[in-house]
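Peer 1: Numbering (our numbering), first residue to last: 1 to 70.
All C-beta atoms, glycine included, are put in the ideal place defined by N, C-alpha and C.
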């Protein structure tokens with residue numbers, strides 16, 4: 001709760017910040033590159049899966065392994 005002095009709250013003033021949006025071109029392709037697939041495989045292997053999550057993990061890993069083999 002802010003302190004009110006002379007009918008004005010004593011909350012700090014927020015400076016307006018102008019956002020500068022930089023548009024970086026990222027290659028938009030429907031599949032992953034070999035390096036991207038390898039990265040995803042390594043990260044997915046670190047996680048713990050339970051029940052139906054493991055089935056989905058296996059399907060995704062199979063697809064990524066095919067891409068990484070190319």
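#1: What's the gap between the Cα of residue 57 and the Cα of residue 51?
#2: With the cut-off set at 8 Å, would you say residue 64 and residue 47 are in Cβ contact?
#3: Go to residue 122, then tell me how far its alpha helix (DSSP H) extends in each direction, as first and last residue.
#4: Please report the distance separating the alpha-carbon of residue 60 from that of residue 45.
#5: Can you list, in chain order, the residues of its chain with a C-beta nearer than 6 Å to that of residue 40? Leave out the 5 residues immediately preceding and following it.
#6: Mapping the DSSP letters down to three states, classify residue 16 as helix, strand or coil.
Peer 2: In terms of the structure at hand:
#1: For residue 57 and residue 51, the gap between their C-alpha atoms comes out near 10 Å.
#2: In this structure, residue 47 does not lie closer than 8 Å to residue 64 by Cβ.
#3: An answer regarding residue 122 cannot be provided, because it is not within the stretch 1 to 70 covered by the chain.
#4: Using only the alpha carbons, I get a separation of about 11 Å.
#5: Excluding sequence neighbours, residue 40 sits near 64.
#6: In this prediction, residue 16 has a pLDDT of 49, which is less than 50 and means its spatial position is unreliable; nothing more can be read from the coordinates.
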